Each structure stands twice: as C-alpha cells, then as structure tokens.
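Here is the structure we will look at, set down as structure tokens.
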Amino acid sequence: MLIENIILKNFRNYEYQEISPKKGINIIYGRNAQGKTNILESIFLSSTARSHRTNKDTDLIRNLQQGYFIKIEGKRDEEPFSIDINCTKITSRSNKRIIKVNDISLTRTGQLMGVLNSVMFSPEDLTVIKEGPSERRRFLDILISQINPSYFYALQEYFKIIKQKNALLKSVYEGGKNRDLIEIYNLKQAKTGSKIIKERKIFIEQINMKSKQNHYDITKGIENLDIRYDCDIPDYSGDENDFYKAIDKIKDKEIRVQSSILGPHRDDIEILLDGMNIRDYGSQGQQRTAILSLKFAEMQIIKEKTGKKPVLLLDDALSELDLLRKRTLLDKIDTNQTFITCTEKRKYMTLDDNISFYFVNKGTVKSI
Amino acid sequence: MADMYPKPLSRLIAAFEMFPGIGRKMASRLAFHLLTMDDERIQYISESIRDAKAGLSYCSVCCNITQKDPCDICSSGRDHSVICVMSSVKDLMAMERTCEYDGVYHVLHGVISPMEGVNPEDLKIKELLRRLDGNVKEVIIATNSSVEGEATAMYLSRLIKPFNIKVTRIAHGISVGTEIEYADEATLIRALKGRTAI
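Those protein sequence lines, which keep their order, are chains A and B. As numbered in the working numbering, the first sequence has no gaps in its residue numbers, which increase by one up to the final residue, 368. As numbered in the working numbering, the second sequence has no gaps in its residue numbers, which increase by one up to the final residue, 1198.
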C-alpha cells in the first residue's frame, strides 16, 4: 500500500490542505494541538470508515462548517486507487456520508474494507487494555472487518436485531402482549451471533499465537502473553442451537431488564500476562509493551490475509520507548510507508530509511 | 413564520406538511404553487383526493387497495390455492408487473418492527389466517430481506405451519441483468447460500 496524495477540506482543524507523502517514513512534526494526529486520523478513516478517536462523524467537521471532505489517492500493487469521503451535516447529531472508491459511490460501507489497509498505533490503543470490554470488542471487530467483509455485514445485521429485540423486550415489559415474538428475534440473534463468535474465536487464536511470539521477542523471553476469547454463553459449543437455548432460558430476566444481556455484544477478550489479568495486575510499562505486541500481531495478520503491506500510522506511539526498543520495533515493521507524528524533528534522525519531514502549524502542513 | 401568512394559507401549508417526506419549505412551495393554478385544476385535484378516499377501500379478502370488493385479482379466475404475502401494495404492484405470477395475494400493510411500535396485531395477519382453508396449498412469503422482513417471514411461517400448508420464501440474491463483478458482497453471500441445482 502506498498513499501518494491526501486532500482534506474542512476536516478537523484543516480548512484546505493537500499533502503528498512519500514512500518510506513520513514524519509529521509540530507543537501540540496543531493538527498532526488529524492527518493520521483521515488516513485511518479512509481505511476503516471509522475514526480511532470518536464514533461521531460530526466531531470531524471543522468548526462552524457544514461538512468535511477527504480524498486519498495512492497505489495498491502498482494499481492506482482513490477514496473520497464526503460528509454533510444534517442536524447537530446526524450526517450523511458518501464514500467513493475510484469515483464510484459505494452502496454499502463494507465495500470500503480492504481498499486501503492500515494499522494505527496511538495513545488511545491503551484503552484496549485499560477500559471495559467494549473497547476490546471494537479492536477485534475493526480488525476482522478489514479482512472479512461478510463479518462486517453480519455485525451490522446483529446490531439491528439487538435493537429490535430490545425495543420488543421493553414493550413486553410494559405490558405488550407479543411475548411469543421474542422467540423469533432470539432465533435470529442466535444465528447471526454464532457466526460472529465463530469468526472472533478463529481470529483470537491467530492473534494469540502471533502476539505471544512478538511479546517474547520484545521482552527477550521474560514475559508470557496470552489472549483468550471470553464468551459468556453457558454450554456453548459453537452451535447456534446452544446459543438459542441459553437466551431462551433467560427470557424472563431479559424482559425484566428490558435488554439483551447475552451474546457477542457482551463478550470480552482476556489479556493475560503470566496468567494474570494485565488490566488489574500489569504495570504501565507491561501494558504498553503488551499493546505493541498485540498491534504488531494485527499488522502481521492483515499482511498475511491480504498479501498487502498495510500503511503504518504511529501516533506518538513510540515516544516513551528507549532508542534500543524503538529500533527493534521499527526493524520488525515490514511496510512500504509509515506515518509518524512527534513534537520534535530530530528524534527519528537516527533511522536510515527514506525520511520525509512535514511541519504542521495551526492547521497548515509544509513539506520540509 | 407561518403566522405572518393569512390564515387559509398557513392552514394549507400545515396540510401539506402532513405528508411523509414534506417539510415546511416544500409545503409552502406547494401551497404557493396551488394559489397560482386555475380553478379547474384545483377542482380536479380536490375531486381526485375525495374520490380516492371515498371510492377506494381494502379488499375484504386480500387487503389490497381496490375500487370494488373483492378486488379484481381475488374475483378473477386465478389460482386461489397459492397466496403470495406482500408487505405493501407497492410491492404487490411490482410483482404484478412480472405477469408471471398466477396466484392470489395478501397484503400485510407493513412489517413487524418493535422499534417503530409495529406489532403483529397491527398487520393484516388475522385476515391471512382466516383464508387458510383446505383449498390453500402454498403460501409464498415475499417480504424484503431486511431484519424486519425476515423476522416477519419467520413469524408468519411459524403461524402457518400448523395448518399443514407449504410455506416458501422468495429467493434473494443477484438481480437479473446485474454483472456478478459489480454485486456487493452481502448480496453475493446471499445468492451463494440460496443456490439451486441445475
């Protein structure tokens, strides 16, 4: 993957900006709050259709503007491609987004998956370890969706089913008489849900194998990292009938709490360091290293599955590592193009690859 | 804003706003356009509205919209042993345009959607079950492939099963004339799952 041109219009703090990144390492530097991360965010958004920082598209629109526009042009195996994202505000909360690939409008967001593969390392990554299960599911869902579009569709369908089912549970709780309808939604939930769990389990196994090795390398064999999928469904062998039986059993409880309380939307991923939950027992440094092992696994998997080297986005991610670790990590990276944000220019001068510098100041980018 | 208009005009604007998809701006545009039209046309429009409302009703058999009861399709010599269940009259018209289907219809007037407060009792399901006497051999469920359409189909099939009548679902997948190359993945997955032997 190679990005050759980026155009941002009314995106975050950019009014209009064109950037032409080069092959190799692109260092984007500048003081705090000038718009360095926003560039990386626009690339990640064009890759996954979502931001790594927010779930609200309207947050991405420049102040007082009605919409944003991103255009990314580049090459994928020497084949040129382009991605356009055009977002218009409808109300303060809702917006309309049109995504085009090679100038053709997509009918489904899922079609964007895999056009531009990227992996982002950012301070927000630590939330995968530190925050609740939803962050870990998000990490996993973004990864699998990039590789497997049918997973993305299953996920969309699953959330729609859950929304409908929750509305139904609420109306049954309030005295509605359609209790028998719950069965229908449970059947659909079990069917789509078990597809999602199956895919997640396969991926977790691969991530576990790779991140274990990565962690071994980085810590020189001192620490042992283990990642497991934690599915709450009792007696679940992977068969959708087991899933159905489990949610059928707790029907009354679900009506009482007016919510679907079992299924892949409630599952978690356990990250264990030497057998202990890293969230509770790991030190800051251990957590940081673990997340790097995990993210590297993500990159290796994307490369393996798509045969394309993903674009690497490093948002302030290596700033806290010493030079030796930094080098070992960058040596491990196998990519054609890397974007790094940092506050000073000299930091990465020691690397010998092709390096281009971009200076960011108050929403304008200058190639140095 | 509308308060500045003379009362009849603001009433007219409010009337247009009752239509789905029409907001205040479009409503006032329509209202002002109406004012420029000559009396004959106005008469024609108001009569059309009145006649449509007074002259049309639901068919007592299939719940299609009709001028006479039972409707043309139900009173024709078509195959009454096959009923195709549609979610809307618009869908029925689309099916009719095929000139391929010789059975009769049943219109539900919606799909089950708890989120929008649409429950089975809000649809013409009772009317459908009432029709399932010994003469009906097959019920084809032709709702959309959305989550709501699928849930409705599943709900109906469970209700109809005890009658010992064959329940079928229309196929979903690649539309005819579309090139596979351009079909999106979700559609292709659907098509693959619903493949048939040749």
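Backbone N, C-alpha and C define an ideal beta-carbon position, used for all residues, glycine too. Computed from a predicted structure; not experimentally measured.
DSSP, read as helix, strand or coil, puts ASN361(A) in strand. Within its own chain, the residues whose Cβ lies closer than 7 Å to the Cβ of LYS191(A), once the five positions on either side in sequence are excluded, are GLU240, listed in chain order. Sequence-distant Cβ neighbours of ILE1174(B) in its own chain, meaning closer than 8 Å and more than five residues away, are ILE1180, ALA1183, THR1187, LEU1188 and ALA1191. ASN10(A) carries a strand assignment under DSSP once its states are collapsed to helix, strand and coil. What THR107(A) touches in chain B, judged by beta-carbon distance under 8 Å, is ASP1184, going in chain order.
Residue contact check for GLN189(A) against chain B: no CB pair falls below 8 Å.
Note that the region 118 to 138 of chain A touches the region 44 to 58 of chain A; at least 3 beta-carbon pairs, one per stretch, sit closer than 8 Å. Membership of PHE121(A) in any alpha helix (DSSP H) is not indicated; the residue belongs instead to the beta strand (DSSP E) covering 118 to 121. Beta-bridge partners of VAL101(A) (DSSP): ILE83(A) and ILE104(A).
If one requires a minimum length of 4 residues, the alpha helix (DSSP H) runs lying completely within the region 1073 to 1129 of chain B are 1089 to 1096, in chain order. LYS1137(B) carries a coil assignment under DSSP once its states are collapsed to helix, strand and coil.
At a cut-off of 8 Å, the C-beta of MET1026(B) has no neighbouring C-beta in chain A. Here ILE43(A) carries a helix assignment [DSSP, helix/strand/coil].
Secondary structure of MET1154(B) (DSSP, three-state): helix. Assigned with DSSP and collapsed to three states, TYR29(A) falls in strand. Under DSSP, GLN337(A) takes part in a beta bridge, and its partners are GLY24(A). Counting the other CB atoms within 10 Å of its CB gives ASN224(A) a total below 16, which places it among the exposed residues. Comparing alpha-carbon positions, the option among ASP226(A), LEU126(A) and ILE99(A) lying closest to GLY275(A) turns out to be ASP226(A). Here SER293(A) has SER211, ASN214, HIS215, ILE218 and LEU225 as same chain residues with Cβ atoms under 7 Å from its own Cβ, once five neighbours each way along the sequence are excluded. For PHE69(A), the pairing in a beta bridge is given by DSSP as LYS9(A) and ASN86(A).
For GLN1067(B), the closest alpha carbon among the candidates THR1178(B), LEU1056(B), LYS1161(B) and SER1081(B) is that of LEU1056(B).
In this structure, the straight-line span from the alpha carbon of SER1060(B) to that of LEU1129(B) is close to 13 Å.
When DSSP states are grouped into helix, strand and coil, GLN1067(B) belongs to the coil group. Under DSSP, CYS342(A) takes part in a beta bridge, and its partners are TYR29(A). Residue pairing for ARG76(A): DSSP places it in a beta bridge opposite GLU79(A).
If you look at LYS1025(B), you'll find it in the alpha helix (DSSP H) that goes 1024 to 1036. Close CB contacts of CYS231(A) within its chain, under the 7 Å cut and outside five residues either way in sequence, are with ILE197 and ASP267 (chain order).
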